[in-house]
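Remarks on the structure that follows.
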Amino acid sequence: MTRHIHVNGKTEPLAAATLDALLRDKGVAATARGVAVALNGEVVPAAKWTDTILTAGDELEIVRPFSGG
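Counting from 1, position 53 in the sequence shown corresponds to residue 268 in our numbering; the numbering is continuous, with no gaps.
This is the structure we're talking about:
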């Protein structure tokens with residue numbers, strides 16, 4: 216049975232053990248400015264990304280800045 220998480224409203228397989236690993240897989244560096252992450256409704260400071268373990272069923276919201284208007 217595949218374990219899943221929800222990222223920005225989309226279901227995907229749980230393929231990373233930590234929040235930092237998931238963000239790196241998505242091209243978000245730990246040093247990226249302006250990125251905000253909420254895990255199960257709670258904001259996770261960037262300093263805690265490497266220590267935050269992901270589990271099946273987690274709900275993540277990743278907000279990144281973008282240019283344009």
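Every residue gets a Cβ at the ideal spot worked out from N, C-alpha and C, and that includes glycine.
Given the structure is predicted, the values throughout are model-derived calculations rather than measurements.
Quick one: give me the first and last residue of the alpha helix (DSSP H) that residue i is part of.
i, result
"L238", "234-240"
Any idea what DSSP makes of residue i, helix, strand or coil?
i, result
"T267", "coil"
"A245", "coil"
Less than 7 Å between the beta carbons of residue i and residue j, yes or no?
i, j, result
"D235", "T265", "yes"
"L254", "L237", "no"
"T195", "V258", "Because the chain in this structure spans residues 216 to 284, residue 195 falls outside the shown range and cannot be described."
Name the residue from the options whose alpha carbon lies nearest to the alpha carbon of residue i.
i, options, result
"A251", "H219, H221, I220, V278", "V278"
Pull up the DSSP beta-bridge partners for residue i, would you.
i, result
"L229", "Bridge partners of L229: none, in fact."
"V259", "According to DSSP, V259 bridges with nothing at all."
Which two residues bound the contiguous beta strand (DSSP E) that contains residue i?
i, result
"V278", "274-278"
"V250", "Segment: none, V250 is in no beta strand (DSSP E) and carries neither H nor E."
"V222", "219-222"
Kindly examine the ligand HEM and report whether one of its heavy atoms sits closer than 6 Å to the Cβ of residue i.
i, result
"L237", "The ligand HEM is not part of this structure, which contains no ligands at all."
For chain B, find out if any of its Cβ atoms is closer than 7 Å to the Cβ of residue i; answer yes or no.
i, result
"P260", "The question asks about chain B, but that chain is absent: this structure has only one protein chain."
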